[in-house]
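Novice:
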Amino acid sequence: PSVSYSPHGPMTSCCSERADSRSKGLKREEECSVSHWTWATGPDGSGAPDMEAVCGAEHTIALLLALSRNLKTVCRQAAEGGMPYPYPAQQREIEGKQLLLLGLGETGRHIVRKAKGLGLKIWCYSPRISSREAEQAGAQKAENLALALGGADYISLHPSGRDSVLPQVGTEHFSAMKQGSFFLCTSPTVQVDEKALTQALQDKRLSGAGMDLPARMSLPADSPLFHMENVILIPGCMGAAGESGTGGAA
Numbered sequence: 011p012s013v014s015y016s017p018h019g020p021m022t023s024c025c026s027e028r029a030d031s032r033s034k035g036l037k038r039e040e041e042c043s044v045s046h047w048t049w050a051t052g053p054d055g056s057g058a059p060d061m062e063a064v065c066g067a068e069h070t071i072a073l074l075l076a077l078s079r080n081l082k083t084v085c086r087q088a089a090e091g092g093m094p095y096p097y098p099a100q101q102r103e104i105e106g107k108q109l110l111l112l113g114l115g116e117t118g119r120h121i122v123r124k125a126k127g128l129g130l131k132i133w134c135y136s137p138r139i140s141s142r143e144a145e146q147a148g149a150q151k152a153e154n155l156a157l158a159l160g161g162a163d164y165i166s167l168h169p170s171g172r173d174s175v176l177p178q179v180g181t182e183h184f185s186a187m188k189q190g191s192f193f194l195c196t197s198p199t200v201q202v203d204e205k206a207l208t209q210a211l212q213d214k215r216l217s218g219a220g221m222d223l224p225a226r227m228s229l230p231a232d233s234p235l236f237h238m239e240n241v242i243l244i245p246g247c248m249g250a251a252g253e254s255g256t257g258g259a260a
């Protein structure tokens with residue numbers, strides 16, 4: 011399928027080293043880049059109706075918390091007869107961690123408000139918004155994608171739903187992500203390279219991933235992702251809620 015990001019050159023090993031240095035901050039501009047994604051937005055910057063966006067934001071936060079607390083493993087251990095102390099499943103606190111939003115549509119703006127309440131530091135990367143617009147939404151704008159990916163503890167994709175061509179997340183993007191970070195994708199307009207994601211998880215580049223499956227990819231029945239304890243695959247109910255009666259959101 012065609013891809014809606016414009017290539018500015020592959021990420022070099024030099025860039026990778028710079029991206030891994032969190033002390034330099036996410037805003038610093040460097041002589042390096044990975045492929046940059048651009049997304050079209052509506053007049054209000056949204057890609058989904060407001061209530062649909064609320065459901066999508068809540069769903070994303072739910073995945074973030076479930077992955078951080080390793081709930082999939084914890085629930086399995088409890089079902090198998092209880093959990094010895096200390097818990098064998100790794101669990102993480104999210105207070106003070108950095109969340110990077112790729113795209114800042116309506117769902118992303120709702121996530122900013124909810125995530126700030128949990129003590130997360132919010133960054134966003136989008137060539138289509140200014141630093142002022144990001145600050146008004148409650149986030150700080152990251153100017154360099156490679157550094158942003160290398161400094162974030164959580165990466166969540168929220169481009170507008172009005173893209174005419176689907177962007178794709180592949181090896182160069184996963185390679186640029188911070189060691190031990192979490193990848194979230196609940197947007198119906200993003201394609202994810204299954205093999206690249208699987209490799210990033212197996213190499214422990216990523217600590218976990220949460221995705222709304224039908225919006226992402228059609229996985230083969232023998233995909234390793236189905237059997238990974240640190241992967242949560244949601245069956246197409248990302249934006250659904252009985253109170254709103256909505257479907258998916260961007």
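For the sequence shown, the residue numbers in my numbering are 11 to 260.
All C-beta atoms in this analysis are idealised placements derived from N, C-alpha and C, irrespective of residue type, glycine included.
Can you tell me whether Gly-161 is helix, strand or coil according to DSSP?
Specialist: The answer is helix: DSSP assigns Gly-161 an H, G or I state.
Novice: According to DSSP, is Met-61 helix, strand or coil?
Specialist: Residue state, collapsed to three classes: helix.
Novice: For Ile-244, which three-state DSSP category applies?
Specialist: Reduced to three states, the DSSP call for Ile-244 is strand.
Novice: Is it true that the region 57 to 76 meets the region 147 to 161, where meeting means three or more beta-carbon pairs spaced less than 8 Å apart?
Specialist: No, because fewer than three Cβ pairs between the region 57 to 76 and the region 147 to 161 fall closer than 8 Å, the two stretches do not touch.
Novice: Roughly how many angstroms separate the alpha carbons of Asn-240 and Asp-222, rounded to a whole number?
Specialist: Asn-240 and Asp-222: Cα-Cα distance of roughly 15 Å.
Novice: Going by DSSP, name the residue or residues bridged to Lys-131.
Specialist: Beta-bridge pairing links Lys-131 to Gln-108.
Novice: Can you tell me whether Gln-87 is helix, strand or coil according to DSSP?
Specialist: If DSSP states are grouped into helix, strand and coil, Gln-87 belongs with the helices.
Novice: Would you give the residue range spanned by the beta strand (DSSP E) that Phe-193 belongs to?
Specialist: Unbroken beta strand (DSSP E) run through Phe-193: 191 to 195.
Novice: Which same chain residues end up closer than 7 Å to Pro-234 when comparing Cβ atoms and leaving out the 5 residues on each side of it in sequence?
Specialist: For Pro-234, where only same-chain residues beyond five positions count, the Cβ hits under 7 Å are Thr-208.
Novice: Taking only the alpha-carbon atoms, compute the straight-line gap between Cys-85 and Ser-140 and give it to the nearest angstrom.
Specialist: When rounded, the distance between both Cα atoms is 43 Å.
Novice: If you run the structure through DSSP and keep just helix, strand and coil, what is Val-261?
Specialist: Any answer about residue 261 is impossible in this case: the structure gives the chain only from 11 up to 260.
Novice: Are the CB atoms of Cys-134 and Leu-159 within a distance shorter than 8 Å?
Specialist: No, the pair does not count as a contact, with Cβ atoms beyond the cut-off.
Novice: Which residues does DSSP pair with Val-202 in a beta bridge?
Specialist: Val-202 pairs with Val-179.
Novice: Give the single residue among Asp-203, Gln-178 and Pro-198 whose Cα lies nearest to the Cα of Pro-245.
Specialist: Checked all of Asp-203, Gln-178 and Pro-198; the closest Cα to Pro-245 is Pro-198.
Novice: Would you kindly check if the distance between the Cβ of His-183 and the Cβ of Gly-115 is under 8 Å?
Specialist: Their beta carbons are not under 8 Å apart, which means Gly-115 does not touch His-183 by this criterion.
Novice: What's the gap between the Cα of Leu-130 and the Cα of Ile-104?
Specialist: Approximately 7 Å, taken between the alpha carbons.
Novice: When the Cα of Gln-146 is compared with those of Ser-166, Gly-161, Val-122 and Leu-128, which residue comes out closest?
Specialist: The candidate whose alpha carbon is nearest that of Gln-146 is Val-122.
Novice: Which whole-angstrom value is the C-beta distance of Ala-76 and Ile-242, which I expect to be below 8 Å?
Specialist: Yes, they are in contact, since the Cβ atoms of Ala-76 and Ile-242 sit about 6 Å apart, within 8 Å.
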